[in-house]
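K.L.:
One rule links them: number in our numbering = place in the sequence shown (from 1) + 44. Can you read through this structure? Questions will come right after.
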Amino acid sequence: MKYSMKTYTTRAVIGALIAVSLSTPTAHAEPSARPMEPSQGITLVTGDKVILGGAGGATVRPGNGRERIQFLTQRDTRGDMHVTPVDALSGLRSGQLDPRLFNVSQLIKHGFGDAARPDIPLIVSGTLGARSLPSIGADAVKVAKDSGFWNSRQGSRIWLDGPVKALLDKSVPQIGAPAAWQAGFTGKDTKVAVLDTGIDGTHPDLLDAVADAKDFTDSPSGTQDKHGHGTHVASIVTGKNEKYNGVAPDTRLVVGKVLNDRGSGTESGVIAGMQWAASSGARVINMSLGSEIPSDGTDVVSQAVNTLTAQSGALFVIAAGNNGDLVGSPAAADAALTVGAVDSKDALAPFSSRGPRFQDNAIKPEITAPGVDIVAAKAKGSFLADRLPNIGEHHLMMSGTSMAAPHVAGAAAILAGQHPDWKAAELKAALMNSAKPQPGVSIFEQGAGRVDVAKAVSQTVRSMPASVSNGVVRWPHTDDKPITNVLTYTNSGTSDVSLTFGVDVRDPAGKAAPAGMFTVSPATLVVPAGGQAQTSLVVDTTVTAADGLYSGFVTAGDLRTPISVTREPESHDAKLEFIGFDGKPTPDYAMRIISFTNPYQYQRYDASGSLTVRLPKGKYFLEAQLRQADRPMVIMTEPGLDLSKDVSLKLDARDARPVGLTLDRTGLRSAETFVELSSKMAWGTLDSAVRSEFGDVVVRPSTTSAPGEFRYSVGGRFAGESLLYNVRGDAGGKVPANPVLKVRDRDLVKVRSVHAATRPGTKGVREGLFDKPLPYSLDEFYSPGVGWHSSFSEQDADGNPVQNIFTSDPRGFTRSTVEHWNQGVFGPVTPENSFRPFRYASRNADTMVFAIPMYSDSGANREGYSANTGTSTLYRDEVEIATRPGAGGGIFEVPPGKATYRLHVESTRDRTLSSKVVADFTFQSDTVTDPVPEPLSLMTVRFTPSLDDFSRASRVIPTIVPVSVGHNTKGDAWPTRVEVSHDKGATWRAAPLVSFGGKWYTVIGHPRDAVSVSLRASARDSAGNSVNQTVIDAFGLR
């Protein structure tokens, strides 16, 4: 072959060519785009697909037959995005539907995205599923991600079968266990259930300890503990070792494996294990697991704890959690004995989750135990065995409330053996009454204090209830009624016991509560041998005192009962009345009120259509939606609701007005229209939107305002002949009297978009609004800085895909530019600046998921797909794991531990461009212990030469090819080699690779008879991960 470029080989000449090229304006200029929001794809239980980000908060593709359904998107105070179809609102109001089903952020975070799994795990009442859960009257099922289940649900109650996880020598003496043993109490033959990751029954500390075991995870290893958490926990309860003895060494274990070999499980699996354990005769059930999302104790697993406690009398001992925040499920259950963690000096561990309980300020946790640097049994060959400090051959060290809970479970087993007739309430009370409190630590951090089993077995008097939570007392306090709590003391000894009562309660500042606020009457009491006596705790909140939480103890000698009350700060009633189109109160509404200063969301509902919400004095944002059959949805908001006094507010559908946008041009088609509300709070920004055709939604003008803080917006896409508007109109402060907003061309950014063809005779579909022969161009208009998802599909004359739809991350424009669609080089991507690493390559425990777009065009932050024939093969340390059909995709189970992996992908397609793509991705990976998937360190090489509308370059002029590296984890990566072929890969030659202005380029000269250019490149990152990538027929020549 003869090349038209022989002398362009020096670095100086190449740099000069690049400099000239970059100084000359071209139609290939990259847009001034920036990602505006994380983006992930997930299908809801309704069959509707959601992609987060962009204008209106999300893009929704309705399921089959649901094209006219409206969608409500709302960001909550934790930053999570909820996307709710309006036909789910009534089920959410009535409690039939679990709100987590529509929390898209959390669903994606916990591995329910479409790339990770094809189904949705649910717990459904009144079904015959794979797992029966009679304690909550439901069954566990998995349903396909389409609208079939939703259309056939017939009034069933539906929960997400959500994820749960494990809550990761001196401690046993620290809680007084040796003194209990010396007194003859070792928990002999008492059954203790450990619901965890299974057990290593061959461990020398646990030989003959297991009475029964059952797997609830469908693990190939059965009840064997391949994770290590369960064995460690079990040995704290009952291990036998000269140095590392368990708390109750003569107990019998009932082991339920409810967490898999990765340390995670499902709520249905946990409930099934709880039912089995309760029916097995276990007196104590230890659960060192849970969710770290705050719970008020009404969640499905907490309900099961309460039900099974009442039915069986077993005491559920549950770890408080390790996030240092409010306790979650199932630790929030009323019946649970919830355990926080302390260190060897009884100081509270900083990770130990705290109270008061979400919503009602109840006392949680209720007790503490050692949970820092605990040495206990190591499961042989387990995941944790190689990752945590080993102490000798058979033990390792862990910290967490997971370690604290089995200390308490062991103590409870000792008491249960001492008192065979005691049920959960008696065991709980005795442990709490005898606990040792730490001075200066709130009962909402430590409950009654650190467990003291020596004292528990010797103490003959106990009080019930074990704690007293008096809830919230309404402001103002001048007319408060005294609150009387009866305390019952039981004496199991042979001698009468005299008690003298006192109170030690602290105000919100940690000072002693005012005199007279807490009194005990009678102040002295004689509890007869074998009998009971009662006294009353009277709480008087009329005394002059600070508002807020009060907590402390009723003391009776060395007995302590935790008590609390909340003296409500100045608060006022917001009386709300929701009026329908017929002028009558209606139940067809949903509402929320959020404080400007406190990130807390108040949601209430009353089917009468009238309700009163009581809130602390302050400024609030109120929003509501009202939807009645065959009428438009009504959006209502009060952006600056002042609660410095009681207010009454009538939210009347008849006051609502039509919404819309007025543009400079008329007669345009519309798509993806929405109404959005946004409010800047002291703690962050709150957003919500309704995605609906304008004719199906109306808005009630506001009667309050929040200038500079609130924004009302109307937006959408609008199309005319070769025109595309992507616009949002804004009004500040309030919803105006006329909610139809005007947007002028002069206020928009103009973008010229050029849509190329990969072959003659095809057509291009853009945003579902254009269906035109290719190539074609559009004049697009964008509201400055507003992000939009965009899509394009090249199709043949019959509508069959040639180059599948592209979807970009949300893009915002601030200046005019030219944008190219469907232009080569087509190849694999992990898009630059993408905030969605889980979508392309991730690992969850020991499951790897790949979904690499193999045919993306040259545009930044896009992903593209095309019909192809291909495979994906995964190697671990160059040993093949498996091969999956499909190029760039697949789910692979891999061995635990760290290793070097290589994903080999081959793809061919019947196209003249990118006819074959081969890539080898080499990366390091280790087992992921957190339930949230971690992205894998894959990278891709992108080539973005300036080409014509059929992805061709001139064979006469050297082609400058920008070379960049996209990284799935945003690592520092660079190209190391580029090669070129003009004979479809039969022969290759090195191409010069130079850095210029912080970017990489190569310049390629072409033989006069060449028809296409193939490219091969390598790249690596600073961690040693790499990629070798080949694209045959990368672009054509003319």
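By construction, the Cβ of each residue, glycine as well, lies at the ideal position given by its N, Cα and C atoms. Just so it is clear, the structure is predicted and the values come from calculations on it, not from any experiment.
I'd like to confirm the pairing. Which residues does DSSP put opposite His-864 in its beta bridges?
P.N.:
Your numbering for residue 864 matches position 820 in the sequence shown. Its beta-bridge partners are Val-798.
K.L.:
Looking at the secondary structure, which residues open and close the beta strand (DSSP E) in which Trp-1044 lies?
P.N.:
Taking the first residue of the sequence shown as position 1, residue 1044 is located at position 1000. That run of the beta strand (DSSP E) goes 1043-1048.
K.L.:
For Asn-1087, which of Tyr-594, Gly-461 and Glu-489 has the nearest alpha-carbon?
P.N.:
Residue 1087 is absent from the structure shown; the chain starts at 45 and stops at 1082.
K.L.:
Are there 16 or more other CB atoms within 10 angstroms of the CB of Asn-147, so buried, or fewer, so exposed?
P.N.:
Walking along the sequence shown from the start, residue 147 turns up at place 103. Under this definition Asn-147 is a buried residue.
K.L.:
Are there three or more Cβ pairs, one per stretch, closer than 8 Å when the stretch 840-860 is compared with the stretch 937-946?
P.N.:
no
K.L.:
Where do the ends of the beta strand (DSSP E) carrying Arg-550 lie?
P.N.:
Here the question's residue 550 lines up with position 506 in the sequence shown. Note, Arg-550: beta strand (DSSP E), 541-550.
K.L.:
Nearest-angstrom Cα distance between Pro-631 and Lys-694?
P.N.:
Position 587 of the sequence shown holds residue 631. Position 650 of the sequence shown holds residue 694. As the crow flies, the alpha-carbon of Pro-631 is around 14 Å from that of Lys-694.
K.L.:
Using only alpha-carbon positions, find the residue among Leu-239, Tyr-1045 and Ala-963 that is nearest to Pro-1002.
P.N.:
Locating residue 1002 in the sequence shown gives position 958, where the first residue counts as 1. For Pro-1002, the closest C-alpha among the options Leu-239, Tyr-1045 and Ala-963 is that of Tyr-1045.
K.L.:
Less than 8 Å between the CB atoms is what I'm expecting for Asp-1016 and Ser-958, so what's the real figure, rounded?
P.N.:
For the purposes of this step, residue 1016 is taken as the residue at position 972 of the sequence shown. For the purposes of this step, residue 958 is taken as the residue at position 914 of the sequence shown. Wrong, their Cβ atoms sit about 28 Å apart, outside the cutoff.
K.L.:
Quick check on DSSP: helix, strand or coil for Tyr-884?
P.N.:
One-based indexing of the sequence shown puts residue 884 at position 840. In this structure, Tyr-884 counts as helix in the three-state DSSP scheme.
K.L.:
Is the distance from the Cβ of Val-734 to the Cβ of Val-758 below 8 Å?
P.N.:
Residue numbering aside, residue 734 sits at position 690 when the sequence shown is read from its first letter. Residue numbering aside, residue 758 sits at position 714 when the sequence shown is read from its first letter. It is not a contact, given that the beta carbons lie outside the stated cut-off.
K.L.:
Going along the chain, which unbroken runs of the beta strand (DSSP E) with 3 or more residues stay wholly within the stretch 623-686?
P.N.:
Listed in chain order, they are 633-639, 654-660 and 662-670.
K.L.:
Check whether the Cβ atoms of Thr-445 and Asn-366 lie closer than 8 Å to each other.
P.N.:
Within the sequence shown, residue 445 is the residue found at index 401, counting from 1. Within the sequence shown, residue 366 is the residue found at index 322, counting from 1. Taking 8 Å as the Cβ cut-off, Thr-445 and Asn-366 qualify as a contacting pair.
K.L.:
On the DSSP letters alone, give me the boundaries of the beta strand (DSSP E) that Gln-347 sits inside.
P.N.:
The residue you call residue 347 lines up with position 303 of the sequence shown. No beta strand (DSSP E) contains Gln-347, which is instead part of the alpha helix (DSSP H) from 344-356.
K.L.:
Give me the Cα-Cα distance between Asp-900 and Gly-871, rounded to the nearest whole angstrom.
P.N.:
On the sequence shown, residue 900 is found 856 positions in, with the first residue counted as 1. On the sequence shown, residue 871 is found 827 positions in, with the first residue counted as 1. Per the sequence presented here, residue 900 reads as Ser, with Asp not at that position. So the two alpha carbons sit approximately 5 Å from each other.
K.L.:
Please state if the CB of Gly-560 and the CB of Asp-524 are separated by a distance shorter than 8 Å.
P.N.:
To locate residue 524, count along the sequence shown from 1; it is residue 480. To locate residue 560, count along the sequence shown from 1; it is residue 516. Contact flag unset, no.
K.L.:
Which runs of the beta strand (DSSP E) spanning at least 3 residues fall entirely within the stretch 253-304, listed in chain order?
P.N.:
Within the stretch 253-304, the complete beta strand (DSSP E) segments at least 3 residues long are 254-259 and 296-301, listed from N- to C-terminus.
K.L.:
In its own chain, which residues sit with a C-beta less than 6 Å from the C-beta of Arg-796, not counting the 5 before and 5 after it?
P.N.:
Taking the first residue of the sequence shown as 1, we reach residue 796 at position 752. Same-chain partners within the cutoff: Val-862.
K.L.:
How about Tyr-533 and Gln-576: do their beta carbons lie closer than 8 Å?
P.N.:
The residue you call residue 533 lines up with position 489 of the sequence shown. The residue you call residue 576 lines up with position 532 of the sequence shown. In this structure, Gln-576 lies closer than 8 Å to Tyr-533 by Cβ.
K.L.:
For Lys-778, count neighbouring Cβ atoms within 10 angstroms of its own Cβ and tell me buried if that reaches 16, exposed if not.
P.N.:
Looking up residue 778 in the sequence shown gives position 734. Answer is buried; the Cβ neighbour count reaches 16.
K.L.:
Report all residues from its chain with a CB closer than 6 Å to the CB of Lys-480; omit the five preceding and five following residues, and keep chain order.
P.N.:
Here residue 480 corresponds to residue number 436 of the sequence shown, with the count starting at 1. Excluding sequence positions up to five before and after Lys-480, its CB lies within less than 6 Å of the CB of Gly-493, Arg-494 and Asp-496, all in the same chain and listed in chain order.
K.L.:
Tell me which residues share the same chain as Pro-629 and place their Cβ nearer than 8 Å to its Cβ, disregarding the 5 neighbours each side in the sequence.
P.N.:
Position 585 of the sequence shown, counted from the start, is the residue given in the question as residue 629. Cβ within range, chain order: Glu-621, Phe-622, Ile-623, Ser-652, Gly-653 and Ser-654.
K.L.:
From which residue to which residue does the beta strand (DSSP E) around Met-125 run?
P.N.:
Start at 1 with the first residue of the sequence shown, and residue 125 comes out as number 81. Start and end: 125-129.
K.L.:
Leaving aside the five residues before and after Pro-450 along the sequence, list all residues of the same chain whose C-beta is less than 6 Å from its C-beta, in chain order.
P.N.:
For the purposes of this step, residue 450 is taken as residue 406 along the sequence shown, with counting starting at 1. Cβ neighbours of Pro-450 beyond the five flanking positions: Val-277, Ile-280, Val-281 and Asn-330.
K.L.:
Taking Cβ positions, are Phe-738 and Thr-706 nearer each other than 8 Å?
P.N.:
Here residue 738 refers to the residue found at position 694 when the sequence shown is read from its first residue. Here residue 706 refers to the residue found at position 662 when the sequence shown is read from its first residue. No, these two residues do not count as a Cβ contact at 8 Å.
K.L.:
Would you check if the distance between the CB atom of Ala-453 and the CB atom of Val-328 is smaller than 8 Å?
P.N.:
For the purposes of this step, residue 453 is identified with residue 409 of the sequence shown, where counting begins at 1. For the purposes of this step, residue 328 is identified with residue 284 of the sequence shown, where counting begins at 1. Against a cut-off of 8 Å, the Cβ pair of Val-328 and Ala-453 comes out as a contact.
K.L.:
Could you give the C-beta distance for Gln-238 and Val-299, rounded to a whole number, given that I count them as a contact under 8 Å?
P.N.:
Indexing the sequence shown from 1 puts residue 238 at position 194. Indexing the sequence shown from 1 puts residue 299 at position 255. Residue 238 is actually Val in this sequence, not Gln. About 5 Å; that satisfies the 8 Å criterion.
K.L.:
Alpha carbon to alpha carbon, how far is Arg-953 from Gly-1080? Give it in angstroms, no decimals.
P.N.:
Taking the sequence shown and counting its residues from 1, one reaches residue 1080 at position 1036. Taking the sequence shown and counting its residues from 1, one reaches residue 953 at position 909. Roughly 16 Å between the two C-alpha positions.
K.L.:
Let's test the definition: count the other Cβ atoms within 10 Å of the Cβ of Arg-1064 and tell me whether it reaches 16, buried, or not, exposed.
P.N.:
Position 1020 of the sequence shown, counting from 1, holds the residue named residue 1064. The residue in question, Arg-1064, is buried, as its Cβ has 16 or more Cβ neighbours within 10 Å.
K.L.:
Assuming Ile-935 contacts Val-893 under a Cβ cut-off of 8 Å, what Cβ separation, rounded to an integer in Å, is found between them?
P.N.:
Taking the sequence shown and counting its residues from 1, the one referred to as residue 935 is at position 891. Taking the sequence shown and counting its residues from 1, the one referred to as residue 893 is at position 849. Rounded to the nearest angstrom, the Cβ distance from Ile-935 to Val-893 is 5 Å, consistent with a contact under 8 Å.
K.L.:
Here's a check: name, in chain order, each residue in its chain whose Cβ is nearer than 7 Å to the Cβ of Tyr-820, leaving out the five neighbours to either side.
P.N.:
Translated into positions along the sequence shown, residue 820 becomes position 776. The answer, listed in chain order, is His-799 and Gly-808.
K.L.:
I think Arg-772 touches Ala-102, with their Cβ atoms under 8 Å apart; what is that distance to the nearest whole Å?
P.N.:
One-based indexing of the sequence shown puts residue 772 at position 728. One-based indexing of the sequence shown puts residue 102 at position 58. With 8 Å as the limit, Arg-772 and Ala-102 do not qualify as a contact, their Cβ atoms being about 14 Å apart.
K.L.:
Assuming Pro-338 and Asp-369 are in contact, meaning their beta carbons sit under 8 Å apart, how far apart are those beta carbons, in whole angstroms?
P.N.:
Mapped onto the sequence shown, residue 338 falls at position 294. Mapped onto the sequence shown, residue 369 falls at position 325. That pair is a contact at about 7 Å.
K.L.:
How would you write the range of the alpha helix (DSSP H) that Trp-1032 sits in, first residue to last?
P.N.:
Against the sequence shown, residue 1032 aligns to sequence position 988. Premise fails: Trp-1032 is in no alpha helix (DSSP H) and is neither H nor E.
K.L.:
On the premise that Phe-994 lies in contact with Ser-981, defined as a C-beta separation below 8 Å, what is that separation, rounded to the nearest angstrom?
P.N.:
Position 937 of the sequence shown, counted from the start, is the residue given in the question as residue 981. Position 950 of the sequence shown, counted from the start, is the residue given in the question as residue 994. Not really, about 36 Å apart at Cβ, beyond 8 Å.
K.L.:
Per DSSP, which residues does Met-892 bridge with? Please list them.
P.N.:
By one-based count along the sequence shown, residue 892 stands at place 848. Bridge partners of Met-892 according to DSSP: Arg-887 and Phe-936.
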